[in-house]
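Structure record follows, encoded as structure tokens.
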């Protein structure tokens, strides 16, 4: 089936399309109805069906005689460890972890919070919860105590699974003090915390609450899989909310498994036995979908990487993993590729490695700027595929198709809408549908395809208000952009990244595209700063490539001229600051909203997801230097 045929069927007859995809899984009871959409905007996939996600991701492959195949490769340059875990070994450990959770009283419908670094036990914990029908909520290891406490109070876990520490490039981060403080702050108190002791830091346990992981797993009896409804929650994953309270995105069991298994073959071109690497963290949605569930549902080999794109030990780290483990496809964020490009602009480290196994580079998490696209394409000589998706969707909304039909790439575009996603561009004011190449608000016509959030955790009202009320009948993505005459989707950034300069609505993403083409610029961001005359004016922040020693004023002058030439004087782009780094989340997204507040001299809260809070001080100094950062008039 080619793309157009698949896409048309997915919209015109979703029951047929997704029902056929669902046959690829093992069901304990077949569904009564593929799609239930009688109560818009709420929808249910595979209602009446029963299955177990852990069985489909682990036990099934052992039953098929592939227990000796490697399921997980743990590669940790920060601890100098490489470990390979077969499907049989994974099944045994997951069953025993589920066994000790069951002994602690965890059962179907209970919640378990997981606060762990990138180690195999993090994946095993998720799968063990799924095995029991318990609902897991993973919080990125090292999250601040107050933010962790908010998630504890919302999810109300019966048990928390954690480790004694996480390991960064040059430091060990003890988790236990952060966890203890979070529990002290939280109103909800978990019954038990299970702590995996790592040799780099031993945690002090509280006798009345804390238990040693090794003791429990060593004595545990393996337990089998509990059958759950397709519509039962598999996990809760928290994403930022505008009110300060995080939104608990709910993922169901049935639709999630169906869409992810379909995506592994048709988007990523992955078959059983292939080695697939998502260079992310299980604290993020990419880690859930494509470190854990997607590859294992397909019967592929997944990589758990405890390291960085640069600094562990050098900019060749990714190429070393691809070469050493025979990686077929890599999925990472554009910021990781920009970090490598900044440190090794000529790609000299790549020449040390044989990456002949490598088939495709997939990028997501933020917009892929054309300059990075061209650099990676030329260096790697494989397709570089940008695809666009969100925590809420769990898989891509738009992209290209390594296993279905590979389209010619247009730099700056995420290519075509995925089957199941009826993507439209609406005018933000009138809600009228716009034509080709017209910028507007990107929405998806309901119902959303399998794997998308059916609601928010115990908050249907907020689900409707946040995503469904602004444009009735549509899911609001929160992103702006356009679809061209060939049906290619261009995502230009969050809706609030469109600025109004003297009545002209301009995309900061378009300006970033121009800045990124400067030969000295490694990374850039543009935000709108308040201006008493024009309403808003764009302010640029640029990170230079390693080794650039030219005067900054000279480079900024060239950048101003480039924007003036490419976009025009109406952009009023006159200021840019050179900084060492851009403030980002741990998943690689640039914190433009926080930068905008700094430029406007507004008070701001340090985002809980920030990679390094110290960088905000440099941004503050930079905006003062160029005449912003004071309270706007």
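In this note's numbering, the protein residues as written are 2 to 634. Glycine included, C-beta positions come from ideal geometry on N, C-alpha and C.
Item, Value
"Going by CA-CA distance only, name the one from 114, 581, 419 that's closest to residue 553.", "581"
"For residue 633 and residue 572, I'd like the C-alpha separation in whole angstroms.", "At residue 633 the pLDDT is 42, less than 50, meaning the model places this residue with poor confidence and gives no usable figure here."
"In whole angstroms, what separates the C-alpha of residue 616 from that of residue 367?", "19 angstroms"
"So, at 8 angstroms on beta carbons, what are the nonlocal neighbours of residue 175 in its own chain, with the 5 sequence-adjacent residues on each side left out?", "165, 166, 202, 204"
"Output yes or no for whether 7 angstroms exceeds the beta carbon distance between residue 539 and residue 491.", "no"
"Determine whether the beta carbon atoms of residue 127 and residue 111 lie at a separation below 7 angstroms.", "no"
"Once you ignore the five residues that flank residue 446 on each side, which residues in its own chain have a CB closer than 7 angstroms to its CB?", "423, 425, 474, 475"
"Apart from the five residues on each side of it in sequence, which residues of its chain come closer than 6 angstroms, Cβ to Cβ, to residue 345?", "316"
"If you count every other CB in all the chains shown that lies within 10 Å of the CB of residue 185, and 16 or more means buried, which is it?", "exposed"
"Would you grab the beta carbon distance between residue 308 and residue 77 for me? Rounded to a whole angstrom, and I think it's under 8 angstroms.", "7 angstroms"
"For residue 18, count neighbouring C-beta atoms within 10 Å of its own C-beta (all shown protein chains included) and say buried if the count is 16 or more, exposed if not.", "buried"
"Where does residue 156 land, buried or exposed, given buried means 16+ other C-beta within 10 angstroms?", "buried"
"I'd like the ranges of any alpha helix (DSSP H) spanning at least 4 consecutive residues and lying wholly in the segment 309 to 395.", "318 to 326, 335 to 344, 371 to 381"
"Bridge partners for residue 111 per DSSP, in chain order?", "According to DSSP, residue 111 bridges with nothing at all."
"Where does the unbroken beta strand (DSSP E) through residue 493 begin, and where does it stop?", "490 to 495"
"Beta-carbon separation of residue 512 and residue 591 under 7 angstroms?", "no"
"Counting Cβ pairs closer than 8 angstroms, one from the segment 276 to 291 and one from the segment 46 to 60, do we hit at least three?", "no"
"So, are the CB atoms of residue 450 and residue 430 less than 7 angstroms apart?", "no"
"Which value, in whole angstroms, describes the spacing of the CA atoms of residue 116 and residue 161?", "7 angstroms"
"Are at least three pairs of beta-carbons, each pair with one atom in the segment 178 to 195 and one in the segment 140 to 159, less than 8 angstroms apart?", "yes"
"Looking at the unbroken beta strand (DSSP E) that takes in residue 77, where does it start and where does it end?", "71 to 77"
"Can you tell me the Cβ-Cβ gap for residue 249 and residue 268, rounded? I've got them flagged as a contact below 8 angstroms.", "Not really, about 26 angstroms apart at Cβ, beyond 8 angstroms."
"Alpha carbon to alpha carbon, how far is residue 133 from residue 106?", "11 angstroms"
"Go through the segment 447 to 486 residue by residue and report every complete run of the beta strand (DSSP E) that reaches 3 residues or more, in order.", "475 to 484"
"Have a look at the DSSP bridge pairing and note the partners of residue 544.", "524"
"From the DSSP output, which residues share a beta bridge with residue 23?", "Paired residue(s): none; residue 23 is not in a bridge."
"Pick out whichever of 120, 301, 629 has its Cα sitting closest to the Cα of residue 603.", "629"
"Hey, could you find the ends of the beta strand (DSSP E) residue 306 is sitting in?", "302 to 306"
"CB-CB under 8 angstroms to residue 352, same chain, minus the five flanking residues each way: which ones, in chain order?", "none"
"Could you check where the beta strand (DSSP E) with residue 175 kicks off and where it finishes?", "173 to 175"
"My output table needs one value for residue 257: the three-state DSSP class, helix, strand or coil.", "helix"
"Less than 7 angstroms between the C-beta atoms of residue 42 and residue 469, yes or no?", "yes"
"Should residue 455 go down as buried or exposed, given a rule of 16 or more other Cβ atoms within 10 Å for buried?", "buried"
"Among residues of its own chain, excluding the 5 on either side of residue 216, which ones have a beta-carbon nearer than 6 angstroms to its beta-carbon?", "none"
"Provide the residue(s) that pair with residue 537 in DSSP beta bridges, ordered along the chain.", "531"
"How far does the alpha helix (DSSP H) with residue 619 in it extend, from its first residue to its last?", "616 to 626"
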